Amino acid sequence: MKYLNIYNKWKQNPIEFWKNNAKDVVWKKFPENILTKKNDNFYEWFSDGVMNSSYNAIDKNILEGRGDQVAIYYDSPITNSKSKLTYNELKDKVSQFAGALKKYNILKGDRVIVYMPMIPEAVIAVLAIARLGAVHSVVFGGFASKELAVRIDDCSPKLIISASCGLEPGRIVEYKPLLDEAIKLSKHKVSNCIIFQRSQLEASLNRGIDVSWNEIIKDAEFIDPVPVKGNDPLYILYTSGTTGQPKGVVRDNAGHLVSLKWSMKNVYNVNPGDVFWAASDIGWVVGHSYIIYAPLFQGCSTVLFEGKPVGTPDAGTFWRIISEYKVKSFFTAPTALRAVKKEDNEGKYINREKLKSLKTLFLAGERADPDTVSWLEKKLQIPIIDHWWQTETGWPIASNPTGIELLPIKKGSPTVPLPGYDIDILDNQGKKLSSNKLGSICIKLPLPPSCLPTLWNADDRFVEAYLSKFPGYYETGDAGFMDDDGYIFVMSRTDDVINTAGHRLSTGAMEEVISNHSDVAECAVVGARDDLKGEVPIGLACLNAGCNREHDEICKEIVNMIRNEIGPVASFKKVAIVQTLPKTRSGKILRKTIRSIINKETWSMPPTVENPDVFEDCKKALSKFNII
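Residues 2 to 629 (the working numbering) make up the sequence shown, in order.
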């Protein structure tokens, strides 16, 4: 088996493995120190190497003859506009904007916040910052002022780059008032804000601090890439946690480049010239890794999409883009395709002839329920690959390595660990569990290249959050098991494993059963406190569009399905039908908040929530159980 040979080759000599893969990138100075151990908790990859990420994303491709190839396809069904940039054009724009930043004294190591919508200028800004050897921190466009202020204070940027507005279906989101309020709230004060004026709304600029994007690029010099060390930070990305202080995940330059480039060929099976599309936002890690950097590192064309899976204008938007740009590999979140399936369960918008360029569809961000995977397999007739990774890792932990070989697909599993990840399943005492036993999924140190070396200005918090519970391991925070074939099954977050009458049960396993109901589009299961059994599961379910059946009948069927497939031990007796599940803007279901509401715990509105109004619908639906 090709995969096992490569995985074992890494395991036998990880230093040599990553040294060989580092030869696929362009260095000003090739590293002598491949891995440096600073102490038991802190490691660095390629620390003495010298390179530049922007050079490897742009200039390298031009030198290899891809200057006239499209680097970025921009598609905005919200504005009904499309454009494209070749690698030559991208270099000019990035180099010029880097020159504009230099006029504002942005130097190597300086932090710059990017607070922008999904437009080409956002990518240009990120790559220009990297070109100068500075550090970018992208904040999801339209994030609340308070949350933006927290990030300003934590990373102390010299400058902020923003736009006049973002766009949602049917409404304009004014960024400038949000930005102004964030600056007012923050203790740290930036010297300037660069504002890109969109045609849909012109923002009023504050004299003395705000400057226009179009004005500052006039007469700006074109800047060559600034060399940086391999362990110099490329960016800081704050985890979008639902509670508490967000964590500033640090990504270094060289490890990020080496791992992402390896993943493009070996995981996603794309080559230079292919079109790759990750339907996400650059405010999240998927957008950093697989909209901006990885496709460009690999010499691909990437798609920058400003729209929604449904409603811009319909449930066929994804398929239209894949067909139009001849996308070979597509990556999105399960929640996005559940929304598509909910609106178009018959697959009327899917025309396989027009989608013949599409070879593989990848899912990540939430557990991919087998029902949605089966639906996609039936409609698309291509491999549907669930894979698993985190903001902290920056690239997949486990996947079906389609560029090496297509392994047998097991629904509910992201398949196998990738080279670099040595995974054990541990119990609460840190003891390694045998196959098929549910426990904490942990990764042996050192973590591979691209994974966070620490948190920004918070080494102690990094150790406490990730390394303290299981010494010698990184704690993923996910619960699951490994089967006899070495396949990983990620069942839920660790705190979503519930204890019912002494039995540890996975809410993810229950969600998997519920999602198999023919009328259910998506669902969530959380634990509610119970005086007798400690905890009992409660389900929330959304139904497919057009379902007219009695809700009580559907609920009884769901309860019986859990009883038949998991057993009476689950004590699953309560399920409520809701219109929409509470989600973050990145599509993750807010299970922790739902659990807090059910258990009458103190909670606050998560800053990442997509639609705050959905909580009232949930409360109303749950009120029939007299627990709200």
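Ideal Cβ positions, reconstructed from N, Cα and C, are used throughout, including at glycine.
The model shown is predicted, which means the values in this text are computed figures rather than measured ones.
Return the chain-ordered list of same chain residues with a C-beta closer than 6 angstroms to the C-beta of PRO247, the five sequence neighbours on each side being excluded. TYR239, THR240
Expressed to the nearest angstrom, what Euclidean distance is found between the alpha-carbon atoms of ASN81 and GLU45? 45 angstroms
Hey, would you say TYR1 sits closer than 8 angstroms to THR416, going by beta carbons? Coverage of the chain is limited to positions 2 through 629, which leaves residue 1 absent and any answer about it impossible.
Kindly say whether SER290, judged by its beta-carbon, lies nearer than 8 angstroms to any beta-carbon of chain C. Among the protein chains of the structure shown there is no chain C, as only one such chain exists.
In the DSSP assignment, the beta strand (DSSP E) including TRP11 goes from what residue to what residue? First-last for TRP11: 3-13, but that is the alpha helix (DSSP H), not the beta strand (DSSP E).
Return the residue from the list ALA577, LYS625, PRO583 that minimises the CA-CA distance to MET606. Looking at the Cα atoms, PRO583 is the closest of the given residues.
Output yes or no for whether 8 angstroms exceeds the beta carbon distance between LYS445 and ILE426. no
Where does PRO1 land, buried or exposed, given buried means 16+ other C-beta within 10 angstroms? Here the chain has residues from 2 to 629 only, and residue 1 is not among them.
Measuring straight from C-alpha to C-alpha, what distance separates VAL334 and ILE184? Looking at the sequence shown, residue 334 is not Val but Ala. Roughly 33 angstroms separates the two Cα atoms.
Does the Cβ of ILE16 have 16 or more other Cβ atoms within 10 Å, making it buried, or fewer, making it exposed? exposed
Can you tell me where the beta strand (DSSP E) holding CYS543 begins and where it ends? 535-544
Which residues does DSSP pair with VAL251 in a beta bridge? Partner(s): ILE237.
Could you tell me the distance, in whole angstroms, from the CA atom of ALA337 to the CA atom of ALA280? 9 angstroms
Return helix, strand or coil for PHE573, following the three-state DSSP convention. coil
Give, in chain order, every unbroken run of the alpha helix (DSSP H) that is at least 4 residues long and sits entirely within the segment 251-310. 254-267, 295-298
Close beta carbons around LEU186, own chain, < 7 angstroms, minus the five adjacent residues each side: SER146, LYS147, ALA150
ALA692 versus PHE47, GLN13, ASN42, ARG132, residue with shortest Cα-Cα distance: The shown model of the chain, from 2 to 629, leaves out residue 692, and the question about it has no answer.
Using 10 angstroms around the beta-carbon of GLY568, count the other beta-carbons present and answer buried if the total reaches 16, otherwise exposed. exposed
With TYR88 as the anchor, note down where its alpha helix (DSSP H) starts and where it stops. For TYR88, the enclosing alpha helix (DSSP H) covers residues 88-104.
Best match in PRO418, LYS433, SER441 for proximity to LEU448 [C-alpha to C-alpha]: PRO418
Those residues which DSSP pairs with PHE197 across a bridge: ALA164
Candidates ASP479, GLY478, ILE499: which alpha carbon is nearest ASP531's? ILE499
Classification of LEU108 by the beta-carbon crowding that lies within 10 angstroms, buried from 16 upward: Classification for LEU108: exposed.
Taking the alpha-carbon positions, what's the ALA510 to PRO472 distance? 29 angstroms
Report yes if the C-beta distance between PRO234 and ASP220 is below 8 angstroms; otherwise report no. The answer is no: Cβ separation not under 8 angstroms.
Which two residues bound the contiguous alpha helix (DSSP H) that contains LYS149? According to the sequence displayed, residue 149 carries Leu and not Lys. Segment 146-156, the alpha helix (DSSP H) holding LEU149.
Boundaries (first-last residue) of the beta strand (DSSP E) holding LYS445: 440-445
Among the residues of its own chain, which have a CB less than 8 angstroms from the CB of SER516, if the five just before and after it don't count? ASP370, PRO371, ASP372, THR373, GLU523, CYS524
Would you report the Cα separation of ASP275 and GLY256, rounded to the nearest angstrom? Each residue's CA atom was taken as its position, placing ASP275 and GLY256 some 23 angstroms apart.
What is the C-beta distance between PRO228 and VAL51, in whole angstroms, given that I count them as a contact (C-beta under 8 angstroms)? 5 angstroms
Buried or exposed, going by whether 16 or more other CB atoms sit within 10 Å of the CB of GLY66? exposed
Please confirm if the segment 156-163 is in contact with the segment 98-112, defined as three or more CB-CB distances below 8 angstroms between the two stretches. Counting Cβ pairs under 8 angstroms, three or more are found: they touch.
So, helix, strand or coil for ASP553, using DSSP? The DSSP-derived three-state label of ASP553 is helix.
Between SER138 and VAL95, how many whole angstroms is the CB-CB distance? I'm expecting something under 8 angstroms. 18 angstroms between Cβ atoms; not a contact.
Is DSSP giving PHE331 helix, strand or coil here? strand
Taking C-beta to C-beta, are GLY528 and VAL576 nearer than 8 angstroms? no
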